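Asks: Same order as they appear, the protein sequences are chains A and B.
The first sequence begins at 89 in the numbering used here and counts up one residue at a time.
The second sequence begins at 3 in the numbering used here and counts up one residue at a time.
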Amino acid sequence: MSSITLTPDIAPAVMPKSHYANVRTTVMSWLFTVDHKRIAILYLISITVFFAVGGLFASLIRIELLTPKGDFMTGDTYNKVFTLHGVIMIFFFLIPSVPATLGNFALPIMIGAKDLAFPKINLLSWWLYMLGGVLAVVVLLRGGLETGWTFYPPYSTTFATSQVTIAILAAFLAGFSSIFTGLNFIVTVHKMRAPGMTWFRMPLFVWAHYATSIIQILGTPVVAITLVLVAIERVWGVGIFNPQIGGDPILFQHLFWFYSHPAVYVMILPGMGVVSEVIPCFSRKRIFGYEFIAFSSMAIAIIGFLVWGHHLYVSTQSTYAGMVFSLLTFLVAVPSAIKVFNWTATMYKGEITFEAPMIYALGFIGLFLVGGLTGLVLASMANDIHFHDTYFVVAHFHYVMVGGMVMAYMCGLHFWWPKMTGRMYPGLLATIAAILVFVGFNFTFFPQFILGFLGMPRRYHSYVEEFQILNIMSTMGASVLGLGYGMQPFYLLWSLFKGEPAGDNPWRAKGLEWQVPSPPPTFNFPDGRPVVIEDPYAYTIDVKEADSVAQH
Amino acid sequence: MSHSTDSVVAHHFEDYEQQTESAMLGMWLFLAQEIMFFGGLFAAYMVYRMKYPDAWATGSEQLDIVLGGFNTVVLLLSSVTMASSVWCAQKGKNKQLIWGLIATLVLGFVFLFVKYFEYKSKFEHHLVPGTHFFFDAAHATGPVIGSPTQGQLQLFFCLYFIMTGMHALHMIIGAGILIWLIVLAMRGYFHPQRYMKIELFGFYWHFVDIVWVFLFPLLYLLHRHG
Ligand SMILES: [Cu+2]
């Protein structure tokens, strides 16, 4: 029992004089940077802006639903509000959230590379994203979009009066930004690993991104061409989904969900990767069942391509096809459950501490579990006839997308923030924000399960009076949730200037990224290419004992 | 590693081999993406062909097999000139490389030129989908099989124009890149340790040709057997 092992922690950390963020400071040096870390920061700023805009639309929805009557806005306006909420949150926040920011920043360092394989294509990704984002703003300014984020024809092709074509172009550009990110990651993982960084020494975060990238490359182009077909039909006045000439709108739904179901795994797998890094670190234990978690990411990516028909149970799809899709959807639950069990087993008998990232990670596990299990309820064909297009569906996917991915994104952001900025944020405030987010989230969306169960349909601005109490609860929860989110920019920005210097490894974590300075220099490894000799989860019990000494 | 290769290795790669392997893998992944992109169109084609076999057979009969066949030969030839350009680049035969690229470009333009006349004749026969679409069975350029409706035929021509149009768009982008490569080659940019751009473009060009190799029978040859 001695504190000798703690010397590196006691020595006050100092900020490195020169690092990736201050080597050059002009605006142009940022807008045209090819450094993956700077591009990550560009993405971080842009997705935060879109998250705020999407959140603003969410609050408008919640205000409208405070009362049963549609008295705050017209039905038309309401349609636009929830559509823009969906389009912005999905295409401009959730899909790029973890991969383009945290993945971009950490993935190359984690495998011992100086950069991604194609730095210029990485920059192109961001520019495409921004171009799409600007078009999304144009859509907003020119009167919005009311088709729902799914762009279903014939409504989107024939009847919608809003900016469908521009919105499609925006989604198309964001899609190719996502494809190029995936392409970059796959090549980087295959070709850029440092000596000794074998496939099974890669952090699970990297495995998760590898699986995500496969979906981005094979799924996104299908929705891209499908949306082009919708745009052609809208502009040309005639097209292949037009039932008047024998076209089939259901074909659109098949093509759309062929991407958009796998896309929900683009929106959750990277989050699972984040949690797989954070749980072992704050449990001071080796991850349990490494290979199982790695392969379950791959399994989710592959099986995820075979389940899209569960969105068409009530769209005239054959019952037998529905049965197959139902079975395959249930199969996806297996690799997902494997992950949850393995995270739990990792924590078992670990020395758990409750820093902000860990609170988010624990929140993720619980909320993802609820989101995943209610997914099984919806995957059952008979149930789905009742639940289809009700608030049950809304609650389900918000548990996965917000309770899962947004929690994981914030988990990762708080975990790698000291690495990205070199500064610590105020731990207490971050913890309070994390708890507010968790509590607020549950109050927002749990009532929606009940509402859906009782039969409240989604996408209407008015509802029967019996539902008001639960809707008020939901809006109150959303306010708490908004408060939790709203705190973060303040203390994070404060930390940029006043935060304690973090030092190389404030969490005493094991990945390669924690062995370089915080913030890292431009080419990541000041001492040259690293040689990897151990796996990234080599947490030992000795560290744990040293911890308990330090605290007493 | 000789000096000549060190100078072309980008800062973030360890050596020339890592760089070329990365570039090749990246191109393969891009083409995988392209396959899925066109795949959506082929899926739509299949669904409607199953649903409306008569309209598909009739529509196919209206296409000009001579022009389509000629274009197929033109594209296959351009693949030959492209492949030999890659070989010339590998061997450092810069003059032949320039001529190979120019030949590829010319063949590409021949294809687009012929395609333009095909589109034009469809326009004159009111076979372009839209308000003016009218399939006149009495004055049709080919036989009518079964009893397809105007709407179903319109659907066929929608897919014909979108699929060949998307293919032509890829050709136009390819031609643009080719012009850039020709300029680089004329400036003496390429040598046997620096020819990846040619090799990668070759991948792309062959891919676009292969798409046509599928489009031609699916669109032009549907009912030409026996
Ligand atoms: Cu789904």
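No residue lacks a Cβ here, since even glycine has one placed at the ideal position from N, Cα and C.
Please read these numbers as outputs of a predicted model, since none were measured by experiment.
Determine, using beta carbons only, whether M26 (chain B) comes closer than 7 Å to chain A.
Replies: Not one chain A Cβ lies under 7 Å of M26 (chain B).
Asks: Would you list, in chain order, the members of the stretch 120-132 of chain B that have their beta-carbon closer than 7 Å to a beta-carbon of chain A?
Replies: Hits within the stretch, in order: P131 and G132.
Asks: Does the separation of the CB atoms of D477 (chain A) and R546 (chain A) fall below 7 Å?
Replies: Yes, these two residues count as a Cβ contact at 7 Å.
Asks: Pull up the distance between the alpha-carbon of M29 (chain B) and that of M198 (chain B), whole angstroms please.
Replies: Computed Cα separation, rounded: 11 Å.
Asks: Any idea if N110 (chain A) is buried or exposed, counting beta-carbon neighbours within 10 angstroms, 16 or more meaning buried?
Replies: N110 (chain A) comes out exposed.
Asks: Is H476 (chain A) near ligand 1 - that is, is its Cβ less than 6 Å away from at least one heavy atom of it?
Replies: Checking every heavy atom of ligand 1 against the Cβ of H476 (chain A), none is found closer than 6 Å.
Asks: Beta-carbon separation of H502 (chain A) and A590 (chain A) under 7 Å?
Replies: Against a cut-off of 7 Å, the Cβ pair of A590 (chain A) and H502 (chain A) comes out as no contact.
Asks: Return the residues of the stretch 75-108 of chain B that lie within a Cβ-Cβ distance of less than 7 Å from chain A, sorted by chain order.
Replies: Those would be none; no residue qualifies.
Asks: If we count the other Cβ atoms within 10 Å of its Cβ and call it buried at 16 or more, is H128 (chain B) buried or exposed?
Replies: With fewer than 16 Cβ atoms within 10 Å of its Cβ, H128 (chain B) is classed as exposed.
Asks: Going by the DSSP bridge assignment, what does P589 (chain A) pair with across the sheet?
Replies: In the DSSP output, where bridge partners are listed per residue, P589 (chain A) has A:R511.
Asks: Nearest CA to the CA of A312 (chain A): which residue from A:W345, A:V326 and A:V482?
Replies: Considering only alpha carbons, the answer is A:W345.
Asks: Let me know the secondary structure DSSP gives P545 (chain A) once reduced to three states.
Replies: P545 (chain A) falls in the strand class under three-state DSSP.
Asks: Less than 7 Å separating the beta-carbons of W58 (chain B) and L224 (chain B)?
Replies: Against a cut-off of 7 Å, the Cβ pair of L224 (chain B) and W58 (chain B) comes out as a contact.
Asks: P242 (chain A) to H342 (chain A), Cα distance in whole Å?
Replies: Roughly 14 Å between the two C-alpha positions.
Asks: Work out the CA separation of K117 (chain B) and L317 (chain A) for me, nearest whole Å.
Replies: Approximately 21 Å, taken between the alpha carbons.
Asks: In the DSSP assignment, the alpha helix (DSSP H) including E36 (chain B) goes from what residue to what residue?
Replies: Per DSSP, E36 (chain B) belongs to the alpha helix (DSSP H) from Y18 to K53.
Asks: Classify G616 (chain A): buried if its beta carbon has 16 or more other beta carbons within 10 angstroms, exposed otherwise.
Replies: Exposed, by the Cβ-count rule.
Asks: Spatial neighbours of V227 (chain A) within its chain, please: C-beta separation below 7 Å, excluding the five flanking residues on both sides.
Replies: L233, Q251, I254, A255 and A258, listed in sequence order.
Asks: Can we count H349 (chain A) as close to ligand 1, meaning its CB is less than 6 Å from some heavy atom?
Replies: The answer is yes for H349 (chain A).
Asks: Under a three-way DSSP split, which group does F218 (chain B) fall into?
Replies: If DSSP states are grouped into helix, strand and coil, F218 (chain B) belongs with the helices.
Asks: Work out the CA separation of V11 (chain B) and S4 (chain B) for me, nearest whole Å.
Replies: Caution is warranted here: a pLDDT of 41 is assigned to S4 (chain B), below 50, making its placement in the model unreliable, and the coordinate value is therefore given only provisionally. Cα to Cα, S4 (chain B) sits roughly 11 Å from V11 (chain B).
Asks: Cβ of Y191 (chain B) less than 7 Å from any chain A Cβ?
Replies: By this cut-off, Y191 (chain B) is not an interface position.
Asks: Buried or exposed: Q152 (chain B), going by 16 or more other Cβ atoms within 10 Å of its Cβ?
Replies: Flag for Q152 (chain B) reads exposed.
Asks: Hey, would you say Y479 (chain A) sits closer than 7 Å to M544 (chain A), going by beta carbons?
Replies: A contact, by the Cβ cut-off of 7 Å.
Asks: Please list, in chain order, all residues of the same chain as E120 (chain B) whose beta carbon is under 7 Å from its beta carbon, the five residues on each side excluded.
Replies: The residues are D66 and L69.
Asks: Would you report the Cα separation of I520 (chain A) and E16 (chain B), rounded to the nearest angstrom?
Replies: One C-alpha to the other measures close to 45 Å.
Asks: Starting from T151 (chain B), find everything on chain A with Cβ-Cβ shorter than 9 Å and list it in chain order.
Replies: What T151 (chain B) touches in chain A: I333 and G334.
Asks: Go ahead and pull the three-state DSSP assignment for R196 (chain B).
Replies: Three-state result, R196 (chain B): strand.
Asks: Does any residue of chain B have a CB that is nearer than 7 Å to the CB of K125 (chain A)?
Replies: So no, K125 (chain A) is outside the interface.
Asks: Nearest to S80 (chain B) by CA position, among B:G176, B:W182, B:A187 and B:Y191, is which residue?
Replies: Of the listed residues, the one whose Cα sits closest to S80 (chain B) is B:G176.
Asks: Distance, Cα to Cα, D592 (chain A) vs W505 (chain A)?
Replies: When rounded, the distance between both Cα atoms is 12 Å.
Asks: Please report whether the beta-carbon of M38 (chain B) lies at a distance below 7 Å from any beta-carbon of chain A.
Replies: True, the Cβ-Cβ gap to chain A drops below 7 Å.
Asks: Do H486 (chain A) and L466 (chain A) have their C-beta atoms within less than 7 Å of each other?
Replies: No, the pair does not count as a contact, with Cβ atoms beyond the cut-off.
Asks: In chain B, which residues lie with their C-beta within 7 Å of the C-beta of V294 (chain A)?
Replies: Result: empty, since nearest Cβ-Cβ is about 16 Å, beyond 7 Å.
Asks: Can you find a CB in chain A that lies within less than 7 Å of the CB of V49 (chain B)?
Replies: Yes, its Cβ sits closer than 7 Å to a Cβ of chain A.
Asks: Distance check for F138 (chain A) and F180 (chain A), CA to CA, integer angstroms please.
Replies: Approximately 6 Å between the Cα atoms of the pair.
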